[in-house]
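Colleague: The letter at position 47 of the sequence shown is residue 44 when you use my numbering, and the numbering goes up by one with no holes. Cβ atoms here follow ideal geometry from the backbone N, Cα and C, with glycine treated the same way.
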Amino acid sequence: VNNAAVLGLALCANPPKVLNVTGPEVVSVRWLAERFGDLLGKEPAFVNSESETALLSDASEYHRLSKSPKVPLERMIGWVAHWIRIGGPTLGKPTHFDVRDGRF
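#1: In the DSSP assignment, find the alpha helix (DSSP H) that holds Asn0 and state where it starts and stops.
#2: Taking 6 Å as the limit between beta carbons, can you name the residues of its chain near Glu47, skipping five residues before and five after?
#3: If you run the structure through DSSP and keep just helix, strand and coil, what is His60?
#4: At the level of alpha carbons, what is the spacing between Arg32 and Phe94?
#5: Please state whether DSSP places Asp35 in a helix, a strand or coil.
#6: Which residues bound the alpha helix (DSSP H) around Gly22?
#7: Sorted by chain position, which residues of the same chain lie with C-beta nearer than 7 Å to Asn0's C-beta, five sequence neighbours on each side aside?
#8: Should the segment 75 to 85 be regarded as contacting the segment 11 to 26, the criterion being three or more beta carbon pairs within less than 8 Å?
#9: Between the segment 15 to 35 and the segment 43 to 61, do three or more beta carbon pairs fall short of 8 Å?
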């Protein structure tokens, strides 16, 4: 995130340049929840089912400008799972993964 913030400052313009900041992988919420479930020894509970369409962020311009993520996805997932296991503090805010209209 720090690299994205610094890159964003370097690209400040009027009108602003829009950059989607995500990893290069396409990852579903279900896949990610199941991966964390595996690492944490828990079965994820899903309330709703996926929509037939997916919302994807096209971060190709960000990756062209920044080259590649410094931390691979699997390593980041491992770090977060470890943080959860040791009871690290969180912000306690909802994710709103179920919201599709952009109103959080």
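Modeller: Reading off the structure:
#1: Taking the first residue of the sequence shown as position 1, residue 0 is located at position 3. Run containing Asn0: -1 to 7, per the alpha helix (DSSP H) assignment.
#2: As a position in the sequence shown, residue 47 is number 50, starting the count at 1. Result list for Glu47: empty, nothing under 6 Å.
#3: Along the sequence shown, one-based indexing puts residue 60 at 63. Note: His60 maps to helix in three-state DSSP.
#4: As a first step, residue 32 must be located in the sequence shown, where it is residue number 35. As a first step, residue 94 must be located in the sequence shown, where it is residue number 97. The alpha-carbon atoms of Arg32 and Phe94 are separated by roughly 16 Å.
#5: As a first step, residue 35 is located in the sequence shown; it is residue number 38 there, counting from the start. Here Asp35 sits in helix by DSSP.
#6: Here residue 22 refers to the residue found at position 25 of the sequence shown. The sequence given here has Glu at residue 22, not Gly. Element bounds for Glu22: n/a, residue is neither H nor E.
#7: Position 3 of the sequence shown holds residue 0. These residues qualify, in order along the chain: Ser63, Lys67.
#8: no
#9: yes
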